[in-house]
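Each residue of the sequence shown is one higher than the one before, counting from 421 in the numbering used here. Glycine included, each C-beta is placed from N, C-alpha and C at the ideal position. Have a look at the structure below, then the notes.
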Amino acid sequence: MSPYAAITGWGMAVPERRLTNADLAQLVDTSDEWIATRTGIRERRVVGPGESTSTLATEAGRQALAKAGLAAAQIDLVVLATCTPDRPFPATACTVQANLGITGAAFDLAAACSGFVYGLNVATSMIRAGAAKNVLFIAADVFTHYINWNDRNTCVLFGDGAGAVVLQASDQPLGMLSCVMGADGNSEDLMAVDAGGTRLPATPQLLEQGRQFVYMNGREIFKLAVRGMGDSSLQALADAGVTLDDITLIVPHQANLRIIEATAKRLQVPMERFMVNIERYGNTSAATIPIALCEAADQGRLSDGAHVLLTAFGGGLTWASAVVRWGK
Ligand code: UT7
């Protein structure tokens, strides 16, 4: 058994199709000015024909394997964090496993926008327990599937995408050093999709009412997100035995630039130490953090040995923060 699970590869995929704020202003009563100042988003990517959660996840996974220099045959587990599977059943992880020619086990994990940090903890724990050696962990969401394009409260916020990492057993103190996860099911209705599950199977009447679309209490979630990400970040730092001064880069969930700014203020950390790319992708749900991680790595913002703080908040409600030490 190895005590650590190093991140040895990473990759990302977003659809080709861009939807700008100006495009959305043609659909609903909104403006580039409102969206940019209230959220920081300028454009997002939206799937086109033939694209789905599995196609994005497969591409991100392929890149991560190449970066790690591992062959498909060396992967003994595929975990996919998503709340927008290709089909209700079976797990989309199995489709990705087949697409990549992997023969190891595969399963999905649902923790909404916190899915990447939750899943990183699960994948790392599997390696630490000796149940897996090389794990392909992907977070992918086609959240626009849940969007009512007539609802300006939600349609401007989300985009589609996928990010992946390869985790490998290591004796070096690399990968996830600490993780704090939380949930509050009593607040599950602050953000949800009601119809289409077993509680409320989709009927023509429900579809007519638009109950297959996401709704949320944005203002309430905003406040809870700032508190949840801030508090769990401090706990994760303490658990890892490091301070904010030791952190090279903070990679937060990208739901709203103002949430990130308020979290920076709460933690008393300048915005320059936060990775932000929300302006180009919007909120891609579980995929925001691995996409931001990939871009940070490719921009040279993560050197070997750097400590990175990941923090997320989303539907469930769920939240999670982790300290990761970068390097192979
Ligand atoms: O991924 C994790 C889960 N999600 C989140 O973390 C989202 C958290 N919440 C937010 O990001 C923000 O609350 C929103 C971006 C959703 C909304 O921003 P806000 O500053 O909280 O606006 P608001 O909800 O207080 O709405 C202010 C006004 C309202 O008009 P009235 O009632 O004051 O007349 C809205 O109808 O802005 C209106 N509005 C819009 N106007 C133009 C809402 N959406 C739009 C829009 N364009 N797209």
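* DSSP beta-bridge partners for ASN703? -> PHE578
* Can you give the Cα-Cα distance for ASP591 and PRO423, rounded to whole angstroms? -> 6 Å
* Asked: Is it right to say ARG639 is buried, meaning 16 or more other beta carbons lie within 10 angstroms of its own, or is it exposed?
  -> Counting other Cβ atoms within 10 Å of its Cβ, ARG639 stays below 16 and is therefore classed as exposed.
* Asked: What span of residues does the beta strand (DSSP E) with TRP569 cover, start to end?
  -> From DSSP, TRP569 is part of no beta strand (DSSP E); its letter is neither H nor E.
* Asked: Just curious, the beta strand (DSSP E) that GLU715 is in, first and last residue?
  -> Here GLU715 belongs to no beta strand (DSSP E); instead the alpha helix (DSSP H) covers 708 to 718.
* Chain-order list of residues whose beta-carbon lies under 6 Å from that of GLY524 (same chain, five-residue window excluded) -> Closer than 6 Å at Cβ, skipping near neighbours: ILE495, ASP496, LEU497.
* Asked: Quick one, which of ASP604, GLU628, GLY617 has its alpha-carbon nearest ILE641's?
  -> ASP604
* **Close beta carbons around MET546, own chain, < 7 Å, minus the five adjacent residues each side** => LEU497, ALA552, VAL555
* For LEU439, which three-state DSSP category applies? -> Here LEU439 carries a strand assignment [DSSP, helix/strand/coil].
* For ALA426 and GLY595, believed in contact at Cβ under 8 Å, the rounded distance -> Sure, about 5 Å apart at Cβ, within 8 Å.
* Asked: When DSSP labels each residue in this structure, what does SER474 get in the three-state scheme?
  -> Collapsing the DSSP output to three states places SER474 in a helix.
* Quick one: any contact between the region 680 to 691 and the region 709 to 716, if contact means 3 or more CB pairs under 8 Å? -> no
* Roughly how far, in whole angstroms, is the beta-carbon of LEU677 from the beta-carbon of ARG693, given that I think they are within contact range, below 8 Å? -> Not really, about 15 Å apart at Cβ, beyond 8 Å.
* For SER607, the nearest candidate out of LEU626, LEU644, ILE567, THR731 (CA to CA) -> LEU644
* To do: Quick one: grab the DSSP three-state call for TRP454.
  => helix
* **Start-to-end residues for the beta strand (DSSP E) that takes in GLU608** => Note, GLU608: premise wrong, no beta strand (DSSP E); not H, not E.
* Asked: Any heavy atom of the ligand UT7 closer than 6 Å to the CB of ARG686?
  -> no
* Is the region 436 to 450 touching the region 525 to 533, taking contact as three or more C-beta pairs under 8 Å? -> no
* Asked: Starting from ARG639 and walking both ways along the alpha helix (DSSP H), at which residues does that stretch end?
  -> Under the DSSP assignment, ARG639 falls in the alpha helix (DSSP H) whose first and last residues are 638 to 660.
* Near ILE667, which residues of its chain fall below 6 Å by C-beta distance, leaving aside the five closest residues on each side in sequence? -> Excluding the 5 residues flanking it on each side, ILE667 has same chain C-beta neighbours closer than 6 Å at HIS727, LEU729, in chain order.
* Under the three-state DSSP convention, the category CYS514 falls into -> helix
* Asked: Thinking C-beta only, is SER723 closer than 7 Å to ALA660?
  -> No, Cβ-Cβ distance for ALA660 and SER723 is not below 7 Å.
* Identity of the residues DSSP links to TRP746 by a beta bridge -> Paired residues: none, contrary to the question.
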